[in-house]
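Visitor: Submitted below is the structure of interest, expressed as structure tokens.
Numbering (the working numbering), first residue to last: 36 to 307.
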């Protein structure tokens, strides 16, 4: 026979959880931020996010699939699902405009890529994207391509080229809809190449040239590692989070592009 009811303490925990969730998702208008070398989160939030990252690493360390006996035969899907996606979810927790953003992990077709290729053409399908919506337009702020834990040089090079293309598509799409400050807005590309994470950004500079920069290359601590390796991995992820926070603020405050404004005007009907 099943118990008649759950303990009152369990009910209270559920009630508090719903209450805190509702409070968090009250959208707050972000200030206009820039890449000035400062963390945009408080130390308290940075610590909370770090603990979330470490918890995901702990799960992989305790998973037999990532032990020396099985790691050689591990497929990409298991690696991505159990390590990469949880880490990305942890680093992007509690961002501004949480209700308007999501992480796509199902090789969703890139809207930016499809638009760039032209009507009727299929867009590229990144392994993972971070997507946010402002008004009627969806922007893709981060692209990720992943490999198996043990991968070939060809796969690494192919993903490197693909990410560069996706980042260019993303920047083109952003500026087609809005005009964030030049040299402040960055499209992020993450390459998971075996057990190495490459953090790259695409920037449009004052001369309207695209610059593709590698900010960090760090080891992914799939198994228990020295604390220095862990710290560098966490630092790279926190830098990525910092960039996305600035990007969100830049997008929110950016003026609408002329082409988008013309489209809005053409769809406006005045009634007298």
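We put the beta carbon where it would ideally sit given N, CA and C, even for glycine.
The structure presented is a predicted model; accordingly, all values stated were derived computationally and were not measured.
Which residues bound the alpha helix (DSSP H) around residue 129?
Guide: Taking the first residue of the chain shown as 1, we reach residue 129 at position 94. First-last for residue 129: undefined, no H or E at that position.
Visitor: Which same chain residues end up closer than 7 Å to residue 162 when comparing Cβ atoms and leaving out the 5 residues on each side of it in sequence?
Guide: Walking along the chain shown from the start, residue 162 turns up at place 127. Taken in chain order, the residues that qualify are 115, 142, 179, 180, 181.
Visitor: Considering only C-alpha positions, which residue in the set 193, 198, 221 is nearest to residue 206?
Guide: As a position in the chain shown, residue 206 is number 171, starting the count at 1. The shortest C-alpha separation from residue 206 is found at 221.
Visitor: Near residue 85, which residues of its chain fall below 6 Å by C-beta distance, leaving aside the five closest residues on each side in sequence?
Guide: Looking up residue 85 in the chain shown gives position 50. Result list for residue 85: 269, in chain order.
Visitor: Could you check if residue 241 is buried or exposed, using at least 16 other CB atoms within 10 Å of its CB as the buried criterion?
Guide: Position 206 of the chain shown, counted from the start, is the residue given in the question as residue 241. By the neighbour-count rule (16 or more Cβ atoms within 10 Å), residue 241 is not buried but exposed.
Visitor: Just list the residues that DSSP pairs residue 249 with in beta bridges.
Guide: Taking the first residue of the chain shown as 1, we reach residue 249 at position 214. In the DSSP output, where bridge partners are listed per residue, residue 249 has 235.
Visitor: Return yes when the Cβ of residue 167 is within less than 8 Å of the Cβ of residue 125, no when it is not.
Guide: Locating residue 125 in the chain shown gives position 90, counting from the first residue. Locating residue 167 in the chain shown gives position 132, counting from the first residue. Their beta carbons are not under 8 Å apart, which means residue 125 does not touch residue 167 by this criterion.
Visitor: Are the Cβ atoms of residue 223 and residue 164 separated by less than 8 Å?
Guide: Residue numbering aside, residue 223 sits at position 188 when the chain shown is read from its first letter. Residue numbering aside, residue 164 sits at position 129 when the chain shown is read from its first letter. For residue 223 and residue 164, no; Cβs fall outside 8 Å.
Visitor: If you draw a straight line from the C-alpha of residue 189 to the C-alpha of residue 278, how long is it?
Guide: Your numbering for residue 189 matches position 154 in the chain shown. Your numbering for residue 278 matches position 243 in the chain shown. Their Cα atoms are separated by approximately 29 Å.
Visitor: If you reduce the DSSP assignment to three classes, tell me which class residue 39 lands in.
Guide: Taking the first residue of the chain shown as position 1, residue 39 is located at position 4. Correct three-state label for residue 39: coil.
Visitor: Determine the burial state of residue 225: buried for a count of at least 16 other Cβ atoms within 10 Å of its Cβ, exposed for fewer.
Guide: Within the chain shown, residue 225 is the residue found at index 190, counting from 1. Buried: at least 16 other Cβ atoms inside 10 Å.
Visitor: Between which two residues does the beta strand (DSSP E) harbouring residue 179 extend?
Guide: Here residue 179 refers to the residue found at position 144 when the chain shown is read from its first residue. Taken as a continuous stretch (DSSP letters only), the beta strand (DSSP E) holding residue 179 covers 172-181.
Visitor: Are there three or more Cβ pairs, one per stretch, closer than 8 Å when the region 207-214 is compared with the region 185-199?
Guide: Because the criterion of three Cβ pairs below 8 Å is not met, the region 207-214 and the region 185-199 do not touch.
Visitor: Tell me which same chain residues have a C-beta within less than 7 Å of the C-beta of residue 288, skipping the five on either side of it?
Guide: Here residue 288 refers to the residue found at position 253 when the chain shown is read from its first residue. Within the same chain, residue 288 has close Cβ partners 67.
Visitor: Within the same chain, show all residues whose beta-carbon is closer than 6 Å to that of residue 91, passing over the 5 residues directly before and after it, in chain order.
Guide: Position 56 of the chain shown, counted from the first residue, corresponds to residue 91. Excluding positions up to five away in sequence, the list reads 121, 122, 125.
Visitor: So, for residue 257: in the same chain, excluding its five sequence neighbours on each side, which residues have a beta-carbon less than 7 Å away from its beta-carbon?
Guide: Here residue 257 refers to the residue found at position 222 of the chain shown. Excluding sequence neighbours, residue 257 sits near 95, 101, 118, 184, 230.
Visitor: Taking residue 248 as the reference, give the member of 49, 112, 233 with the closest Cα.
Guide: Position 213 of the chain shown holds residue 248. Considering only alpha carbons, the answer is 233.
Visitor: Exposed or buried, which one is residue 235 when buried takes at least 16 other CB atoms within 10 Å?
Guide: Here residue 235 corresponds to residue number 200 of the chain shown, with the count starting at 1. It counts as buried.
Visitor: Considering only DSSP beta bridges, list what residue 254 is partnered with.
Guide: Residue numbering aside, residue 254 sits at position 219 when the chain shown is read from its first letter. DSSP lists 231 as partners of residue 254.
Visitor: Assuming residue 204 and residue 148 form a contact by the criterion Cβ under 8 Å, report the distance between their Cβ atoms to the nearest whole angstrom.
Guide: Numbered from 1 along the chain shown, position 169 holds the residue referred to as residue 204. Numbered from 1 along the chain shown, position 113 holds the residue referred to as residue 148. With a Cβ gap of about 4 Å, residue 204 and residue 148 count as contacting.
Visitor: Per DSSP, residue 224 forms a beta bridge with which residues?
Guide: Locating residue 224 in the chain shown gives position 189, where the first residue counts as 1. DSSP lists 178, 235 as partners of residue 224.
Visitor: What does the alpha-carbon distance come out to for the pair residue 175 and residue 47?
Guide: As a first step, residue 175 must be located in the chain shown, where it is residue number 140. As a first step, residue 47 must be located in the chain shown, where it is residue number 12. Computed Cα separation, rounded: 38 Å.
Visitor: With DSSP collapsed to three states, give me the class of residue 135.
Guide: For the purposes of this step, residue 135 is taken as the residue at position 100 of the chain shown. Three-state result, residue 135: helix.
Visitor: Going along the chain, which residues of its own chain have a beta-carbon closer than 6 Å to the beta-carbon of residue 276, five neighbours each way excluded?
Guide: As a position in the chain shown, residue 276 is number 241, starting the count at 1. Only 126 meet the Cβ criterion.
Visitor: Tell me which residues share the same chain as residue 131 and place their Cβ nearer than 6 Å to its Cβ, disregarding the 5 neighbours each side in the sequence.
Guide: Residue numbering aside, residue 131 sits at position 96 when the chain shown is read from its first letter. Within the same chain, residue 131 has close Cβ partners 65, 283.
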